[in-house]
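Counted the way my numbering counts, the sequence shown spans residues 123 to 305.
To start, the structure under review is shown below, and the notes come after it.
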Amino acid sequence: MSWIDDRIAELRELDATIRAEFLHLTPEQSNVKPGPRKWSINECFDHLIQTSRSYESIFEDLERGTLSLSWASRIPLLPKAMGRMVLKVVSPDYAGKNKAPTLFTPTASQFDRNLSQDLLQANADLAAHLEKCADEDLDRTTVPSPLTPFVTYSLRDCILVLVEHEKRHLNQADRVRTALAVV
Numbered sequence: 123m124s125w126i127d128d129r130i131a132e133l134r135e136l137d138a139t140i141r142a143e144f145l146h147l148t149p150e151q152s153n154v155k156p157g158p159r160k161w162s163i164n165e166c167f168d169h170l171i172q173t174s175r176s177y178e179s180i181f182e183d184l185e186r187g188t189l190s191l192s193w194a195s196r197i198p199l200l201p202k203a204m205g206r207m208v209l210k211v212v213s214p215d216y217a218g219k220n221k222a223p224t225l226f227t228p229t230a231s232q233f234d235r236n237l238s239q240d241l242l243q244a245n246a247d248l249a250a251h252l253e254k255c256a257d258e259d260l261d262r263t264t265v266p267s268p269l270t271p272f273v274t275y276s277l278r279d280c281i282l283v284l285v286e287h288e289k290r291h292l293n294q295a296d297r298v299r300t301a302l303a304v305v
C-alpha cells in the first residue's frame, strides 16, 4: 500500500465515522449549537466542505500540469516550514483554538438538512484527486494555499493538512453530539 493509499484509507475511516455517528441526525439535531460562539455539527461539516472545495482547483491544475506557483515556493526550506506550521495548528492534538479564515467559515448558521452526505461527497472527490496524484513526487511538488499564493507547502503536507484537519473537526462535531446528548 502506498502513502497515498494510506491517506485514502484514512478518509474512508473518517467516512465510516460520519456514517455511524452523524448521518442519522435530523437537520435540527445537526444545527444545535452548544453555545453562542460554538459551531454546530453542520457548521463543522460546512467548514470542512468549504476547506476541501477550496483545494479542488489546485488539484485540478496539478493534474493538468498547469499549476503556477509564487516566488515564495522557490525559497529553500520555506514550503517545508510552512507545511509543518499549518499541520501543527490543524492537527487534532493541537490544544489551541484557531479562528477560521473567512474563506473557510461556515456559509450559514442553520441549514435545511444534515450536511453529512455533502461531507461524504467532498471526501470522495478528495480521494479521487489523491488517486490522480499517486505518481507525483509528494515532497518536491509544492502547492499554494488557497488562502494566499505566498504560502506554499509540499503536496505531502497539503494532503496531511486536509486529512488531519478533518480529524480535528470530526472530534469537535463528536464533542457537540455528546455534550448535547444528540445520539
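Ideal Cβ placement from N, Cα and C applies to all residues, glycine included.
As the structure is a computational prediction, the values presented were derived from the model and not from experiment.
query, result
"Stretch-stretch touch, CB-based, cutoff 8 Å, three pairs: the stretch 230-241 with the stretch 135-152", "yes"
"Exposure of N293, with buried meaning 16 or more beta-carbon neighbours within 10 Å", "exposed"
"Terminal residues of the beta strand (DSSP E) in which T274 lies", "T274 to S276"
"Those runs of the alpha helix (DSSP H) which lie wholly inside the stretch 216-268 and span at least 4 residues", "238-254"
"Opening and closing residue of the alpha helix (DSSP H) in which F167 lies", "I163 to S176"
"Anticipated Cβ contact below 8 Å, I130 with L252, distance rounded", "6 Å"
"Rounded C-alpha distance that separates L225 from L269", "7 Å"
"G205, DSSP secondary structure in three states", "helix"
"Exposure of P158, with buried meaning 16 or more beta-carbon neighbours within 10 Å", "exposed"
"Distance, P228 Cα to C385 Cα", "A query on residue 385 cannot be resolved here, the shown segment of the chain reaching from 123 to 305 and no further."
"F181 in three-state terms, based on DSSP", "helix"
"V208 beta carbon less than 8 Å from that of Y275", "yes"
"Host alpha helix (DSSP H) of R141 (start-end)", "W125 to E143"
"Contacting residues, own chain, Cβ-Cβ under 6 Å from V298 (five flanking each side not counted)", "P156 and I163"
"R196 vs A244 beta-carbon contact at 8 Å", "no"
"Rounded Cβ spacing between L184 and V283 (contact assumed at less than 8 Å)", "The pair is not a contact, with the Cβ atoms about 15 Å apart (cut-off 8 Å)."
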